[in-house]
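Read the structure below first, then the notes.
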Amino acid sequence: MNLNKIDFNLLKIFVTVYQEKSLKRAAERLFVTTPAVSQNIKKLRETLDEELFVLSHRQFVPTPYSDELYAKVFPLLEGISLAIEETKQFDPSTLEQSFNLDINPHLQVWLGTGLFKAFHEQSPKSTLILHTISPNTLTGLCNGSIDVAIHFEAENLPPEIVAIPITQLEFMIAMRRDHPFKKSEAYIDELLEYSFGHIDLAYLDPNKHSRLEDRLKEAGKNIHMAMRTTSVAGLISTIINSDIIGPCFPPTIEAVSKQVRLVRILDMREIGTMQIYLFIHQKNLSSPKYKWLTEIISDAVKVGSK
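Letter by letter, the sequence shown follows residues 589 to 894 of our numbering.
What follows is the structure, encoded as structure tokens:
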């Protein structure tokens, strides 16, 4: 094969299709049309004289040849991209690209606005994409489809993913201002008299569960979980309009502090605070672009959590 005939842009498109397993999603990431992606994949297949993908259940499934090609090409393209980036004077105002962040929903509800303002002010031509963290987040960080994740779980990470601690948040119980329970501090047994609401998080590890429920189960205590939801706003609205109480971080209720108050738990110190981490691929640690992005995120988290 004559490598001079291979357009490196075709390899970039190949890598994106391989990661997304979809021509449409690859086109969205590359800001081109789906037919353009299809045409380029066809061109690469003809150049290499190898089948790259087969269509199965509406997904582009890579062939064994593609698996081998991706394993060799992806790190090379990443290395070239970083090398070019490091030779340039970095200026975020000139960037015109998307940044994909996966964020824990407890954090996104108060972090998103401040993060966007700082991001847009410094890089007005770029796009900030915020999604909820999921069991697919680590895979996305590894293959480059996700730039950064923000979460409070840092166990069983792939070796190439680095967890950078950025702040700690206090774990408290939220209830409406005129709730029958009047104290500002309490032992957990006092609170177990009431029904709880809980945000069922999309953890990095699908086997993970609520730390509060786990600790109570270990202690042989019963908790009535009257409501489960994936919506932070939905839980807060229910807390405001009922006697349900629920675990929460102080910044989460800042916008509704006239209607909701927090109670500190006195006897569960092992879950009294939670460390917040920024997750990033280790290959990006020395990248000026990613240093800028992590600084913006760290500053926004620290400002929002005060």
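Cβ coordinates follow ideal geometry from the N, Cα and C atoms, glycine included.
For F687, which residues does DSSP report across the bridge? L716
Could you check whether the region 727–742 touches the region 817–829, counting it as contact only if at least three pairs of C-beta atoms, one from each stretch, sit closer than 8 angstroms? Touching, no, given that fewer than three Cβ pairs across the two stretches are closer than 8 angstroms.
Just to confirm, does L643 get its C-beta within under 7 angstroms of one of the non-hydrogen atoms of the ligand NAP? The ligand content of the structure shown is nil, which means the ligand NAP is not present either.
How many whole angstroms separate the CB atoms of V603 and Y653, which I take to be in contact at a CB cut-off of 8 angstroms? V603 to Y653, Cβ: 14 angstroms. No contact.
How do the region 868–885 and the region 698–711 stand: do at least 3 beta-carbon pairs fall below 8 angstroms, yes or no? yes
Out of L695, T725, L699, point me to the one whose CA is closest to N688's CA. T725
If we count Cβ pairs, one from each stretch, closer than 8 angstroms, do we get three or more for the region 861–868 versus the region 803–813? no
In angstroms, rounded to a whole number, what distance separates the CA positions of P838 and L757? 8 angstroms
Alpha carbon of K660 to alpha carbon of T715, nearest angstrom: 29 angstroms
Which one of L664, I833, K600, L632 has the shortest CA to CA distance from H786? I833
I'd like to know whether the C-beta atoms of F769 and M862 end up nearer to each other than 8 angstroms. no
Where are the alpha helix (DSSP H) runs, 4 residues long or more, that stay fully inside the region 609–696, in chain order? Within the region 609–696, the complete alpha helix (DSSP H) runs of at least 4 residues fall at 611–618, 622–636, 652–675.
Give a yes or no on whether the minimum CB-CB distance between L729 and chain D is below 8 angstroms. Protein chain content of the structure displayed is limited to a single chain, and chain D is not contained in it.
Around the C-beta of K771, are 16 or more other C-beta atoms found within 10 angstroms, so that it is buried, or is it exposed? exposed
Let me check understanding here. Comparing Cα to Cα, which of D595, S875, R849, F678 lies closest to L636? D595
Between which residues of its own chain and Y878 is the CB-CB distance below 6 angstroms, once the five residues before and five after are set aside? N872
Comparing C-alpha positions only, which one of R646, L800, V750 sits nearest to G860? Looking at the Cα atoms, L800 is the closest of the given residues.
Span separating the alpha-carbon of I754 from that of S644: 42 angstroms
Check the DSSP bridge columns for R764 and list the partner residues they point to. DSSP lists V848 as partners of R764.
Give the DSSP-derived three-state secondary structure of G785 in the structure shown. Judged by DSSP in its simplified three-state form, G785 adopts strand.
Quick one: residues in its chain with C-beta nearer than 6 angstroms to the C-beta of H812, no 5 flanking neighbours on either side, listed in chain order? S783
Contact check, A774 vs I853 under 8 angstroms by CB: the rounded distance? 7 angstroms
Based on Cα-Cα distance, which residue from L789, I761, S669 lies nearest to D777? I761
So the beta strand (DSSP E) E758 belongs to, where does it begin and stop? 749–758
CB-CB under 7 angstroms to S610, same chain, minus the five flanking residues each way: which ones, in chain order? Q647, F648
Please classify L866: does DSSP put it in a helix, a strand, or coil? Strand at L866.
Please state whether DSSP places H582 in a helix, a strand or coil. The first residue shown for the chain is 589 and the last is 894, placing residue 582 beyond what the model contains.
Helix, strand or coil for I903, going by three-state DSSP, please let me know. Given a span of 589 to 894 for the chain in the structure shown, any question on residue 903 remains unanswerable.
Could you tell me if P650 is buried or exposed, where buried requires 16 or more neighbouring beta carbons within 10 angstroms of its beta carbon? The residue is buried, with at least 16 neighbouring Cβ atoms inside 10 Å.
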